[in-house]
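Heads up, the thing below is written out as structure tokens.
Residue numbers (the UniProt record's numbering): 1 to 165.
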């Protein structure tokens, strides 16, 4: 699925940049720094963002700042990060100082949703269609309860396994 994710990044990057400038009520000339997410993540998607950021940085003659992909999602003192490849809970101690409290031990929830959607005959990405179906309130599958112990770690592989049956 990395090739599809890359295609979606390429397809949407211009729209995302335009929306960011519009919603931020600014113009490229007023930007002081250009930041991009460098790792961890799906390398092809990270490279697309880096190339676009580098191009902007060179064109506008602005400093380029690499940012950790996961840390870029954290805005509060406690953050639950849910993406295609990561499900983690972080505590923010100080500016850019985080403590990992829990993480997935196998499949991340986004990966589980994507793979489950394909097993059910739907397209990638799977999260949106599964959410849409879930909001309709039809309980078609008896699913196992995810990992439930004293830790803050996650395990979603059993959900995907159950869907495949």
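Every residue gets a Cβ at the ideal spot worked out from N, C-alpha and C, and that includes glycine.
Terminal residues of the alpha helix (DSSP H) in which residue i lies
{"i": "residue 2", "result": "2 to 23"}
Range covered by the beta strand (DSSP E) that runs through residue i
{"i": "residue 39", "result": "34 to 39"}
{"i": "residue 131", "result": "Premise fails: residue 131 lies in the alpha helix (DSSP H), 127 to 135, not in any beta strand (DSSP E)."}
{"i": "residue 162", "result": "Segment 157 to 163 is the alpha helix (DSSP H) holding residue 162; no beta strand (DSSP E) there."}
{"i": "residue 71", "result": "Taken as a continuous stretch (DSSP letters only), residue 71 belongs to no beta strand (DSSP E), as it is neither H nor E."}
{"i": "residue 85", "result": "Careful: residue 85 lies outside any beta strand (DSSP E) and carries neither H nor E."}
{"i": "residue 173", "result": "As shown, the chain starts at 1 and ends at 165. That puts residue 173 outside it, with no answer to give."}
Which of helix, strand or coil DSSP assigns to residue i
{"i": "residue 108", "result": "coil"}
{"i": "residue 63", "result": "coil"}
{"i": "residue 77", "result": "coil"}
{"i": "residue 89", "result": "strand"}
Closer than 8 angstroms: residue i CB and nearest the ligand FMN heavy atom
{"i": "residue 88", "result": "In terms of ligand content, the structure shown is empty, and the ligand FMN therefore cannot be addressed."}
Nearest candidate by alpha-carbon position, reference residue i, set the options
{"i": "residue 165", "options": "120, 82 and 28", "result": "120"}
{"i": "residue 158", "options": "106, 139 and 123", "result": "106"}
{"i": "residue 36", "options": "42, 30, 28 and 46", "result": "46"}
{"i": "residue 163", "options": "99, 114 and 11", "result": "114"}
{"i": "residue 2", "options": "13, 11, 43 and 32", "result": "43"}
{"i": "residue 143", "options": "112, 126, 9 and 136", "result": "112"}
{"i": "residue 77", "options": "25, 100 and 21", "result": "100"}
{"i": "residue 82", "options": "93, 104 and 95", "result": "104"}
{"i": "residue 48", "options": "32, 9 and 96", "result": "9"}
{"i": "residue 7", "options": "125, 160 and 139", "result": "125"}
CB-CB length for residue i against residue j, believed under 8 angstroms
{"i": "residue 102", "j": "residue 153", "result": "5 angstroms"}
{"i": "residue 156", "j": "residue 109", "result": "5 angstroms"}
Do the segment 49 to 69 and the segment 130 to 144 meet, that is, are 3 or more Cβ pairs less than 8 angstroms apart?
-> no
Three or more beta-carbon pairs under 8 angstroms between the segment 50 to 62 and the segment 79 to 93, yes or no?
-> Short answer: they don't touch.
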